[in-house]
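Written out below as structure tokens is the structure these notes cover.
Numbering (my numbering), first residue to last: 6 to 453.
What follows is the structure, encoded as structure tokens:
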């Protein structure tokens with residue numbers, strides 16, 4: 006619920022949300038060209054690849070006992086306990102073997118098997134004893150086998166820094182965190198948590214900014230100047246100026262339009278004032294034509310017909326009204342010949358407000374209007390909006406749709422016009438105002 010129990014959201018809330026979205030959209034646009042976003046998108050693509058995911062799973066699930074390296078270590082440890090291999094290793098490379106090999110190449114070696122020669126020869130006794138020893142026999146047995154080579158290969162492998170690092174890596178419960186993959190992942194998470202990038206990811210491809218993406222502003226006035234901008238507005242109906250030599254009122258109305266005397270700009274607000282002001286006004290009488298008649302009220306009108314007209318788009322105003330019946334206020338889109346109208350808003354007194362359309366078809370007026378339910382334009386500012394797409398019209402108040410319809414004709418080149426009026430009735434009142442905070446129009450980007 007909005008202010009005063011209205012079914013429409015509070016205007017201030019609607020404007021704050023619109024401003025928030027506009028700022029967010031500009032922020033997202035700025036982010037879309039940033040280097041950080043480029044880096045994020047590149048990293049996002051990487052961390053979502055099968056290669057990255059598989060590598061993380063592989064590393065996280067690593068158990069040393071399930072690796073080929075563990076089997077290599079176990080084989081090495083088993084060989085290290087092999088008695089024959091231990092004997093081989095003890096002999097291989099020993100000084101004793103080296104001396105024996107050197108002696109075996111001398112002439113005296115031929116005497117080693119001669120028992121008589123050995124009896125008094127310490128060298129022959131020594132080398133003969135070695136030759137016949139178990140350790141030398143084992144050495145010769147293994148030398149021709151693959152076992153020593155296998156052991157050497159495994160030893161080199163398990164004693165390498167690479168092997169030790171891998172074993173330590175597997176046994177480290179936080180091993181993933183030691184990898185470059187982890188650093189990449191952390192940078193991705195850091196960028197993803199950046200509010201600017203987070204907003205880009207959440208909103209760039211959403212429908213949240215559809216209006217900003219599809220529409221561009223074509224007309225705007227926030228009435229911040231000291232006087233009415235005559236490059237945008239005239240204080241007369243376009244059709245009256247073009248075809249009737251100036252403003253006039255209808256025979257069933259009790260007001261005259263006095264140029265700009267009833268138009269005021271105060272505090273960045275434009276006010277069309279309707280005042281009890283007896284004077285002689287120009288009136289259109291269907292039977293007599295233009296006549297001079299006495300009226301009890303004066304009022305005003307503004308029109309963008311000389312500066313702005315548009316086919317289709319969004320037309321929106323922020324306004325409020327005051328004044329009791331028979332004073333009324335109208336904001337509409339009008340054709341230059343006054344034969345086509347789309348009423349953004351029309352009120353009679355405080356509680357009866359309407360939207361709709363009318364047009365001439367072979368001299369006959371075709372019209373359709375609908376009451377805006379539960380709406381009182383005198384209860385503070387409201388944002389009134391018309392969405393015109395081809396022949397479909399949608400009216401909204403503070404973002405809430407109040408009416409929509411199909412129009413059985415083609416509207417062309419309509420402009421803003423706003424005015425107040427007084428019904429001709431015996432009922433009297435004092436004064437009333439139609440107050441604008443701003444007026445805006447948008448069209449599809451790229452549309453003529």
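For each residue, glycine too, the CB sits at the ideal point set by N, CA and C.
Residue 60 and residue 163 - do their beta-carbons sit closer together than 9 Å?
no
What is the rounded straight-line gap between the Cα of residue 2 and the Cα of residue 253?
It is not possible to answer for residue 2, since the shown part of the chain is limited to 6 through 453.
Hey, could you find the ends of the beta strand (DSSP E) residue 370 is sitting in?
369 to 376
Given this structure, state the Cα-to-Cα distance separating residue 405 from residue 423, to the nearest angstrom.
22 Å
With DSSP run on the structure shown, which of helix, strand or coil describes residue 67?
Residue 67: coil per DSSP, three-state reduction.
When you compare the CB positions of residue 315 and residue 228, do they come within less than 9 Å of one another, or not?
Not a contact, by the Cβ cut-off of 9 Å.
If you check the beta carbons only, do residue 335 and residue 426 fall under 9 Å apart?
yes
May I have the straight-line CA-CA distance separating residue 380 from residue 441, to the nearest angstrom?
In this model, residue 380 and residue 441 are separated by some 17 Å (Cα to Cα).
If we call anything under 9 Å between Cβ atoms a contact, is residue 49 one with residue 209?
Inclusion of residue 49 and residue 209 in the CB contact set at 9 Å is not warranted, their separation being larger than that value.
When DSSP builds the beta bridges, which residues end up paired with residue 426?
333
What ranges does the alpha helix (DSSP H) occupy inside the region 21 to 104, keeping only unbroken runs of at least 4 residues that lie completely in it?
40 to 52, 55 to 65, 73 to 85, 88 to 96
Less than 9 Å between the C-beta atoms of residue 391 and residue 347, yes or no?
yes
At a Cβ threshold of 9 Å, is residue 336 touching chain D?
No chain D is part of this structure, which consists of one protein chain only.
Locate the beta strand (DSSP E) running through residue 484, then write down its first and last residues.
What the structure shows of the chain is the stretch from 6 to 453, and residue 484 is not part of that stretch, so it cannot be assessed.
Could you pull the start and end residues of the beta strand (DSSP E) that residue 221 belongs to?
Boundaries of the beta strand (DSSP E) around residue 221: 220 to 226.
What are the residues that DSSP puts in a beta bridge with residue 255?
289
If you reduce the DSSP assignment to three classes, tell me which class residue 358 lands in.
If DSSP states are grouped into helix, strand and coil, residue 358 belongs with the strands.
Which word fits residue 38, buried or exposed, when buried means at least 16 other C-beta atoms lie within 10 angstroms of its C-beta?
exposed
Is there contact between the region 281 to 301 and the region 408 to 422, where contact requires at least three CB pairs shorter than 8 Å?
The region 281 to 301, when compared against the region 408 to 422, does not touch it at the 8 Å Cβ threshold.
Is it buried or exposed for residue 415, if we count other Cβ within 10 angstroms and need 16 for buried?
Here residue 415 is exposed, its C-beta having fewer than 16 other C-beta atoms within 10 Å.
Go through its chain and collect everything with a Cβ distance to residue 201's Cβ below 6 Å, but skip five positions before and after it.
36
Within the same chain, show all residues whose beta-carbon is closer than 8 Å to that of residue 432, passing over the 5 residues directly before and after it, in chain order.
These residues qualify, in order along the chain: 330, 331.
Can you look up residue 400 in the DSSP assignment and give me helix, strand or coil?
strand
Tell me, please, whether the region 260 to 270 touches the region 234 to 242 by the rule of three or more beta-carbon pairs shorter than 8 Å.
Taking a cut-off of 8 Å on C-beta distances, the region 260 to 270 touches the region 234 to 242, as three or more cross pairs fall below it.
Going by the DSSP bridge assignment, what does residue 352 pair with across the sheet?
The partner list for residue 352 (beta bridge, DSSP) reads 334, 358.
Residue 358 and residue 350 look like a contact to me (Cβ under 8 Å); what is the Cβ gap, rounded to whole Å?
6 Å
For residue 271, which three-state DSSP category applies?
strand
Should residue 191 go down as buried or exposed, given a rule of 16 or more other Cβ atoms within 10 Å for buried?
exposed
With DSSP collapsed to three states, give me the class of residue 6.
With a pLDDT of 36 at residue 6, under the threshold of 50, the modelled position of that residue is not reliable, and the figure given next carries that caveat. If DSSP states are grouped into helix, strand and coil, residue 6 belongs with coil.
Measure how close the beta-carbons of residue 172 and residue 57 come, nearest whole angstrom, since I'm counting them as under 8 Å.
The C-beta distance from residue 172 to residue 57 rounds to 25 Å, too long to fall under 8 Å, and the pair is not in contact.
By Cβ distance below 7 Å, which residues in the same chain neighbour residue 435 in space, the five residues on each side in sequence not counted?
281
Looking at the strands, I want to know which residues DSSP matches up with residue 196.
Answer by DSSP bridge pairing: none, since residue 196 is not bridged.
Grab the span of the alpha helix (DSSP H) containing residue 304 for me, first residue to last.
Counting along the chain, residue 304 falls outside any alpha helix (DSSP H), though it belongs to the beta strand (DSSP E) covering 294 to 304.
Exposed or buried, residue 207, counting other C-beta atoms within 10 Å across all chains shown (16 or more means buried)?
exposed
Quick check on DSSP: helix, strand or coil for residue 412?
Looking at residue 412 - three-state DSSP - the assignment turns out to be coil, as it is neither helix nor strand.
Consult DSSP for residue 364 and reduce its assignment to one of helix, strand or coil.
The three-state secondary structure of residue 364, taken from DSSP, is strand.
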